[in-house]
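S.K.: This is the structure, below, for whatever I ask next.
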Amino acid sequence: MSIAGNSPGPGGDARVVWPIAAGALAVRIAAAVNVAVITTDGVTFVEIAKLFASGSASEALAYKYHPLFPFLMAAPARILGGFETCGIAAAVLFSALATVPVFNLGRRMYGQGPAAAAALLYACLPSFVGYGSEVLSEGVFLFFILHSLNLLHLGCTAGKPAASAMAGACAAMAYLARPEAAGLAAAGLLACGALSARGAGLRPLAHFGLFLVFLLLVSSPYLVHIRIESGIWALTKKKAVGHLLNPADSGSAGAASKILSDSAEVLSTFFHAGSWAIGVFAALGIALPEGRRDRIRTDLFLAAPVAAWFAMDFILLMSHGYLSRRHMLPAAAFAAPLAGLGLWNSA
1 MSIAGNSPGP GGDARVVWPI AAGALAVRIA AAVNVAVITT DGVTFVEIAK
51 LFASGSASEA LAYKYHPLFP FLMAAPARIL GGFETCGIAA AVLFSALATV
101 PVFNLGRRMY GQGPAAAAAL LYACLPSFVG YGSEVLSEGV FLFFILHSLN
151 LLHLGCTAGK PAASAMAGAC AAMAYLARPE AAGLAAAGLL ACGALSARGA
201 GLRPLAHFGL FLVFLLLVSS PYLVHIRIES GIWALTKKKA VGHLLNPADS
251 GSAGAASKIL SDSAEVLSTF FHAGSWAIGV FAALGIALPE GRRDRIRTDL
301 FLAAPVAAWF AMDFILLMSH GYLSRRHMLP AAAFAAPLAG LGLWNSA
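The following block contains the structure:
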């Protein structure tokens, strides 16, 4: 199928994206019904939510877990009748609605057809469904992180400062759900730098500056809380970032071998996080010759945050010896529009 010829218009887009979002919601509800065991993290989120609900915010904030997800669990607890139920409801709803920024970003980059394919991939792939149907923060985290990338692209390409400011606010909300969202600062800089390097001038970097201001502004209350409690400026109460940069010394020969093996594991985890389809169809999208010259800037905007996440997860694996599919979900989600292009044009 051709990239060109996709029907434009917000009305047509709404008739495509909202049925996909509704389908994503139905799939996640069905998956949630079959979840038999709550994870250890889920138990902790329930404990924190109970503290928020009882008015013990200071005790809730004493946990090392970032507070947004348990706070969202606490708000409707009296209506829905249980904290675990509220956690599942928040995860399912936000995870399903994340199909909207995936579609909007893909629509602006490649057209309606590839955008619909990208949204369907996100709606149906097992990792996105699984982590979006348990008492885990991934659904909320991905909702805000994808909105952030979509709005930053809109701000840079359409010259809309309000969109870039909202992108920063969404990045801050993602950070309040999971600490690794702070990596959006590096990802956003690389993405905007890619646009500038491909002839867009300094405007994308100015939009990144606005993005960064609002990211810091909205995050600042929690950052100040960590400073007051710990006595140091830090992004999280979890293991310091500095520890991630000092992997155990295994000698120069051993280090080279570890770098190669860890690089292979990061790539393998990425393919598992995206149920392999994201990687395969993204490669097909990159290889697509049609519109190659005009698409380089667009492809680089997606490749930059994917590369930033690969680098962060590589450092995590080098230092901790552990990397799960949860850590690679953002990279797979960022690549979804390009995978949608590959899927649409191979159909």
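Heads up: the sequence shown begins at 1 in my numbering, then just goes up one per residue.
Here a beta-carbon is modelled for each residue, glycine too, at the ideal position from N, C-alpha and C.
Would you list, in sequence order, the uninterrupted alpha helix (DSSP H) runs of no fewer than 4 residues that lie entirely inside the stretch 34-111?
M.R.: 40-53, 57-61, 68-74, 77-80, 83-97, 99-110
S.K.: So LEU121 and LEU343 are in contact, right, with Cβ under 8 Å, and what is the actual spacing, rounded?
M.R.: A Cβ-Cβ distance of about 7 Å is found for the pair LEU121 and LEU343, placing them in contact under the 8 Å criterion.
S.K.: Roughly how many angstroms lie between the CA atoms of GLY279 and ARG78, to the nearest whole one?
M.R.: 42 Å
S.K.: Taking the CB atoms as reference points, tell me whether CYS156 and PRO114 lie closer together than 9 Å.
M.R.: With contacts defined as CB atoms closer than 9 Å, CYS156 and PRO114 fail to qualify as a contacting pair.
S.K.: Work out the CA separation of ASP299 and GLY201 for me, nearest whole Å.
M.R.: 17 Å
S.K.: If you reduce the DSSP assignment to three classes, tell me which class SER220 lands in.
M.R.: helix
S.K.: For LEU40, which option in ASN34, VAL33, ILE48 has the closest C-alpha, if you only look at C-alpha atoms?
M.R.: According to the sequence provided, residue 40 is Thr. The question's Leu does not apply to it. Per the Cα distances, ILE48.
S.K.: What did DSSP end up calling GLU134 once you bin it into helix, strand or coil?
M.R.: coil
S.K.: For the 8 Å Cβ check, are there 3 or more pairs between the stretch 176-194 and the stretch 136-149?
M.R.: yes
S.K.: Count the other C-beta atoms from every protein chain shown that fall within 10 angstroms of the C-beta of TYR322, then say buried if there are 16 or more, exposed otherwise.
M.R.: By the 10 Å Cβ count, TYR322 comes out exposed.
S.K.: Is the beta carbon of LEU154 less than 9 Å from the beta carbon of ALA163?
M.R.: yes
S.K.: For TYR122, does the three-state DSSP call read helix, strand or coil?
M.R.: helix
S.K.: Between the C-alpha atoms of CYS192 and PHE301, what's the straight-line distance to the nearest angstrom?
M.R.: Linking CYS192 to PHE301 through their CA atoms gives a straight-line distance of about 7 Å.
S.K.: If you run the structure through DSSP and keep just helix, strand and coil, what is GLY23?
M.R.: helix
S.K.: What residue range does the alpha helix (DSSP H) around PRO161 cover?
M.R.: That run of the alpha helix (DSSP H) goes 161-177.
S.K.: Using only the alpha-carbon positions, how far apart do VAL349 and VAL224 sit?
M.R.: It is not possible to answer for residue 349, since the shown part of the chain is limited to 1 through 347.
S.K.: So for ILE228, helix, strand or coil by DSSP?
M.R.: helix
S.K.: When DSSP labels each residue in this structure, what does TRP309 get in the three-state scheme?
M.R.: The DSSP-derived three-state label of TRP309 is helix.
S.K.: In angstroms with no decimal places, state the Cα-to-Cα distance between LYS50 and ALA347.
M.R.: Using only the alpha carbons, I get a separation of about 49 Å.
S.K.: GLY321 by DSSP, collapsed to three states: which one?
M.R.: coil
S.K.: Taking the CB atoms as reference points, tell me whether LEU341 and PHE270 lie closer together than 9 Å.
M.R.: no
S.K.: In angstroms, rounded to a whole number, what distance separates the CA positions of GLY168 and THR85?
M.R.: 30 Å
S.K.: Would THR99 be called buried (16 or more neighbouring beta carbons within 10 Å of its own) or exposed?
M.R.: buried
S.K.: Got a sec? Which residues, its chain only, sit under 6 Å from ALA116 by beta carbon, not counting five neighbours each side?
M.R.: VAL16
S.K.: Please go through the same chain and pick out, in chain order, the residues whose beta-carbon is closer than 8 Å to the beta-carbon of VAL213, but skip the five residues on each side of it.
M.R.: ALA165, GLY168
S.K.: Alpha carbons only, please: which of GLY106, VAL129, SER127 is nearest the one belonging to ALA118?
M.R.: GLY106
S.K.: Helix, strand or coil for TRP276, going by three-state DSSP, please let me know.
M.R.: coil
S.K.: Hey, could you find the ends of the alpha helix (DSSP H) SER346 is sitting in?
M.R.: 336-346
S.K.: Thinking just about the alpha-carbon of each residue, which of LEU338, ASN345, ALA331, PRO337 is nearest to the one in HIS127?
M.R.: Strictly speaking, residue 127 in this sequence is Ser, with His absent from that position. Comparing Cα-Cα distances from SER127 to each of LEU338, ASN345, ALA331, PRO337, the minimum goes to ALA331.
S.K.: Going straight from the alpha carbon of SER257 to that of GLU265, what length do you get?
M.R.: 12 Å
S.K.: Roughly how many angstroms separate the alpha carbons of ARG326 and LEU149, rounded to a whole number?
M.R.: ARG326 and LEU149 have their C-alpha atoms spaced approximately 19 Å apart.
S.K.: Helix, strand or coil for ALA30? Go by DSSP, reduced to three states.
M.R.: Reduced to three states, the DSSP call for ALA30 is helix.
S.K.: Taking the beta carbon of ASN104 as the centre, do at least 16 other beta carbons fall within 10 Å, making it buried, or is it exposed?
M.R.: With 16 or more other Cβ atoms within 10 Å, it is buried.
S.K.: Once the 5 residues before and after ALA14 are set aside, which same chain residues still bring their CB inside 7 Å of it?
M.R.: Around ALA14: no qualifying Cβ.
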